[in-house]
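Numbering (mature numbering (1 follows the signal peptide of the UniProt record, and there is no 0)), first residue to last: -21 to -1, 1 to 541.
Every residue gets a Cβ at the ideal spot worked out from N, C-alpha and C, and that includes glycine.
For reference, the structure is listed below as structure tokens.
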């Protein structure tokens, strides 16, 4: 029997989300929406709302999935505590939102703000054809001074912020009634079925509570290089009546994967007071003059080169959208180590000293990439082709944090294999077609030709992330004083002020390399910072380090005949 196209579309949705959807014979979408509006307090009272402010004076918390220690958990706190007001203006054609937030970053972000001053910002978001997202006071970027007004975001971040604003809007259901692109379905979550209405135009699904008929989960689907077609869910609970209308008072943002077992809480806050139809000050929802903004005013739009799931990764980690200004180019390459000219340090971003760098190891017939940042894959492939004229055969992500590994799937599609610790196999298996060379604590992976050798190293419970690795390059048959290069990512911001790095993480890496026997004269090529002798790290940490030379590296592994 031939399946109708619409049913195929629904079945396609099943294949790309973590729930099962099926066409429902029963209430129409309009009937489900009407039942929800009745349960919330009625179409009349809701339609008469001209504005609202949600007050969350005590509880606001957020976590980072992108910067997590464990591979499949959002276990790194972004904001440990905070407060916020979220306001909406409805007496306009397209809704307008304003967020006023005060929150304190966790110590995981001291690399961007050593004094960890509280973040204070006001963000205005406009829906519609002339929409935008604009920080009218302050910013939510960890690398900027807290009192700098950022202004307008880029199109990709504006798109995500508009979608998030629409998901929380008390007028969401009311406005969906007048949308023709809605359909009704049943959604299965953990074996429990719920009725839902999908707004295809805006990419939002509202899942209703089976008993109350009120909105329970507001969902959008995002494309993610690791998590597949991930679902970003806004969980609405603890409904209370305010002047005849029911509003949720506890809000959670939950991120789910279709390729891994993942249910990560990115954000939660408690609404303690709601003001209906406030008398907003004039200009309260206005953007700032464009000449006062750090970037141009842009309309919301998905990026064609950067998955919107990555935008969520970056923005929820206080890193903007993650979309690099176009056109992309390798700023410069460096290698100040005589005798190891095959180790190329590529500077991709030098807007500040924390800008991203990566290492490319050139062998006689092939190339290994150390890290693969998202959005840069084509640029890196072209640089290798133009300058080295050798195939890329392996990518060795230093760890799973997306700024270092978000481009891995692009290289896998091109037939490149991964060099990863055994602990990360399950995580990277979610990338279709991925093939691995693995190593562990006692058996590092060594790759060599007639001139150089590269060791890929991991230890149990390492610095910075559970799958964190570092790379050491030596001459093929080295002597005691032969040159040594080590590539490390994020444990030491080499060459920069000491307060930008974590003493704990620096010393933890030192504990690892003293056990491995890394020579004291090693030159460190960092992912953030400057090419710097290891000796400087020993001075910063006052670490008692032996006078190791190359003969000490892994019991003489770099010395021929050993």
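Minimum Cα-Cα distance from residue 507 among the listed residues 129, 382, 358, 208 corresponds to 382. Less than 8 angstroms divides the Cβ of residue 497 from the Cβ of residue 465.
Comparing alpha carbon positions, the residue from 194, 226, 224, 259 closest to residue 212 is 194. Residue 289 holds the alpha-carbon nearest to the alpha-carbon of residue 43 among 523, 289, 510, 321. Counting only residues of its own chain and dropping the five nearest sequence neighbours on each side, residue 489 has a CB closer than 6 angstroms to the CB of 522. A residue is called buried when at least 16 other Cβ atoms come within 10 angstroms of its Cβ; residue 179 does not meet this threshold and is exposed.
With fewer than 16 other CB atoms across the displayed protein chains lying within 10 angstroms of its CB, residue 412 is exposed. Contact check between the stretch 82 to 101 and the stretch 54 to 64: three or more CB pairs, one atom from each, fall below 8 angstroms, which counts as touching. For residue 143, the enclosing alpha helix (DSSP H) has its first and last residue at 134 to 147. Cβ-Cβ separation between residue 423 and residue 434: approximately 5 angstroms, consistent with a contact (criterion under 8 angstroms). Beta-bridge analysis with DSSP links residue 79 to 64, 101. In terms of CA proximity to residue 491, 448 leads the group 315, 309, 448, 228.
Excluding residues up to 5 positions away in sequence, 539 lie with their Cβ nearer than 6 angstroms to the Cβ of residue 456 in the same chain.
In this structure, residue 371 sits near residue 395, with a CB-CB distance shorter than 8 angstroms.
Burial of residue 166 is indicated by the presence of at least 16 other C-beta atoms within 10 angstroms of its C-beta. In the DSSP assignment, residue 461 falls outside any beta strand (DSSP E), carrying neither H nor E. Short of 8 angstroms from the beta carbon of residue 218, and not among the five residues preceding or following it, lie these beta carbons of its own chain, in chain order: 191, 193, 225, 226, 227, 228.
By the neighbour-count criterion, in which a residue is buried when 16 or more other Cβ atoms sit within 10 angstroms of its Cβ, residue 268 is exposed.
Per DSSP, residue 519 is one residue of the alpha helix (DSSP H) stretching across 513 to 520.
The beta carbon of residue 514 sits closer than 8 angstroms to those of 499, 500, all from its chain and outside the five residues before and after it, given in chain order.
The Cβ neighbour count for residue 315, taken over all protein chains shown within 10 Å, is under 16; the residue is labelled exposed. Scanning its chain for C-beta atoms nearer than 7 angstroms, with the 5 sequence neighbours on each side dropped, one finds around residue 41 the residues 57, 58, 245, 246, 295, in chain order. For residue 48, there is no enclosing beta strand (DSSP E), as DSSP marks it with neither H nor E. Around the beta-carbon of residue 199, 16 or more other beta-carbon atoms lie within 10 Å, marking it buried. When the five nearest sequence neighbours on each side are left out, the beta carbons in the same chain lying within less than 8 angstroms of the beta carbon of residue 35 are those of 62, 63, 64, 65, 248, 249, 250, 251, in order along the chain.
Under DSSP, residue 161 shares a beta bridge with 178. DSSP places residue 12 outside any beta strand (DSSP E); the residue lies instead in the alpha helix (DSSP H), whose first and last residues are 8 to 19. Annotated as proximal: residue 234 and residue 209, with beta-carbon spacing under 8 angstroms. Taking the Cα of residue 524 as reference, the smallest distance to any Cα among 533, 259, 493 is reached at 493. In this structure, the alpha-carbon of residue 475 lies about 23 angstroms from that of residue 452.
No residue range can be given for residue 284, since it is assigned to no beta strand (DSSP E) and is classified by DSSP as neither H nor E. Within its own chain, the residues whose Cβ lies closer than 7 angstroms to the Cβ of residue 458, once the five positions on either side in sequence are excluded, are 529, listed in chain order.
Secondary structure of residue 34 (DSSP, three-state): strand. DSSP places residue 291 in the helix class (H, G or I) of the three-state scheme. The C-alpha of residue 368 lies about 22 angstroms from the C-alpha of residue 306.
Leaving aside the five residues that flank residue 531 on each side, the residues in its chain whose CB is nearer than 6 angstroms to its CB run, in chain order, 496.
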